[in-house]
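J.:
In my numbering, the protein residues as written are 18 to 378.
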């Protein structure tokens, strides 16, 4: 308000202000501000982005993807070029083309949006997938008809000359063609396949520990700019679960997680297993998750891994959620991984105790 009164550009201020409501899980207020921002400046990228996120949170899919896609295709976000001469155009849904689908944002997003690659295959002459390099082996295994090249580089110079590439598209933009309504979210039963050799190795190790249920735990998610404070807790907070008659395994990827599991194991007098080798290798972590009986996690990559593997997963869900989990306090199921992921939601900020109590029960 003070910025507007001092003559700052209204669209810029309103767009930034809307982002506060996006982060608060209040999409209606965010939409009102973005509408005002776009009235002042129809080309304001941040307003389109925040409006898209708010509409997706409300499951207004077709309209929401418009703002999401505008942001990804904006000059500052175009990111990837696969032509030696000129800029690769963005894919606009045209059939029978050779298209590079490239990752955007985090590992969890690439895993979640990866469900749409099957539909992409049915439309295109050839699909080439350019994900985060850590995801390359699992997508190669899971989509044998798609050529997968992991890498962060903006140009796939080491392989692009093998193809006559027609277009490129950020994988988050696929939603505007393949997730237009709730009916477009299939009960896929899992679309990623963990390495069978690694799975056998973990199966042997898990069986050697004993016959109790084997449960994976992850307790921290995000970074400072992605609501880490709302979706993280110390492992010690999960003590009521760890006390149950089951074996627990850390699948937490953050630095220091191994030390934290040692400290909690000592405090509780019960081992929480942390196999750092699996944490360091994402494909190995997929295999471990595939062999566990249940995953209990805050919103972070682990829930996307479990959902894509169709592994039962319970998500300890904060009161303020991002668009993927929706603003519906009574919802217990997750749209992108139906049948696999169950949500246990806070009813007020930072109330992990009641969530953990419900999960324990």
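Glycine residues also receive a C-beta, built at the ideal position from the N, C-alpha and C atoms.
1. Go to residue 37, then tell me how far its alpha helix (DSSP H) extends in each direction, as first and last residue.
2. Are there three or more Cβ pairs, one per stretch, closer than 8 Å when the stretch 157-170 is compared with the stretch 195-214?
3. Do residue 326 and residue 296 have their C-beta atoms within less than 8 Å of each other?
4. Among the residues of its own chain, which have a CB less than 6 Å from the CB of residue 145, if the five just before and after it don't count?
5. Do residue 51 and residue 35 count as a contact pair if the criterion is CB distance below 8 Å?
6. For residue 124 and residue 314, which I take to be in contact (beta-carbon distance under 8 Å), what is that distance rounded to the nearest angstrom?
7. In whole angstroms, what separates the C-alpha of residue 368 from that of residue 375?
8. Hey, is residue 141's beta-carbon within less than 8 Å of any beta-carbon in chain D?
9. In or out: residue 101 buried (at least 16 other Cβ within 10 Å) or exposed?
10. Sort 137, 127, 194 and 140 by Cα distance to residue 168 and report the nearest one.
11. Using the rule of at least 16 other Cβ atoms within 10 Å of the residue's Cβ for burial, across every protein chain shown, is residue 266 buried or exposed?
12. Comparing alpha-carbon positions, which option in 139, 178, 378 and 46 lies nearest residue 112?
13. Applying the 10 Å Cβ sphere with the 16-neighbour rule, what's the burial state of residue 380?
14. Are at least three pairs of beta-carbons, each pair with one atom in the stretch 74-85 and one in the stretch 190-199, less than 8 Å apart?
15. Does DSSP put residue 303 in a helix, in a strand, or in coil?
16. Identify every residue that forms a DSSP beta bridge with residue 184.
17. From this set, 373, 357, 44 and 356, which residue's C-alpha is nearest residue 364's C-alpha?
18. Report all residues from its chain with a CB closer than 7 Å to the CB of residue 32; omit the five preceding and five following residues, and keep chain order.
19. In its own chain, which residues sit with a C-beta less than 7 Å from the C-beta of residue 58, not counting the 5 before and 5 after it?
20. Measure from the alpha carbon of residue 192 to the alpha carbon of each residue in 109, 25 and 254, then state which is nearest.
21. Identify which residue in 362, 301, 182 and 358 has its Cα closest to the Cα of residue 151.
22. Which residue wins for smallest C-alpha separation from residue 204, given the options 25, 49, 41 and 353?
23. What did DSSP end up calling residue 235 once you bin it into helix, strand or coil?
24. What does the Cβ neighbour count give for residue 358, buried or exposed, with the cut at 16 atoms within 10 Å?
25. Curious, which full-length beta strand (DSSP E) runs of at least 3 residues does the stretch 291-378 contain?
26. Between the alpha carbons of residue 281 and residue 253, how many angstroms are there, rounded?
27. Please determine, among 289, 264 and 257, the residue with the shortest C-alpha to C-alpha distance to residue 230.
28. Tell me which residue opens and which closes the beta strand (DSSP E) that residue 264 is part of.
29. If the criterion is Cβ atoms closer than 8 Å, does the pair residue 348 and residue 360 meet it?
30. Taking its Cβ as the centre, do 16 or more other Cβ atoms sit within 10 Å of residue 259, making it buried, or is it exposed?
31. Can you give me the start and stop residues for the alpha helix (DSSP H) that residue 48 sits inside?
32. Would a C-beta distance cut-off of 8 Å place residue 136 and residue 189 closer than the cut-off?
33. Is residue 123 helix, strand or coil by DSSP?
34. Is it true that the CB of residue 311 sits closer than 8 Å to the CB of residue 340?
T.: Considering the structure as presented:
1. 27-40
2. yes
3. no
4. 117 and 164
5. yes
6. Wrong, their Cβ atoms sit about 14 Å apart, outside the cutoff.
7. 12 Å
8. The chain inventory of the structure shown lacks chain D, comprising one protein chain alone.
9. exposed
10. 127
11. buried
12. 139
13. The structure shown does not extend to residue 380, since the chain is modelled only from 18 to 378, so the question has no answer here.
14. yes
15. helix
16. 116
17. 373
18. 51, 54, 61, 63, 64 and 67
19. 28
20. 109
21. 301
22. 353
23. strand
24. buried
25. 311-314, 330-334 and 358-362
26. 6 Å
27. 264
28. 264-267
29. yes
30. buried
31. 44-57
32. no
33. coil
34. no
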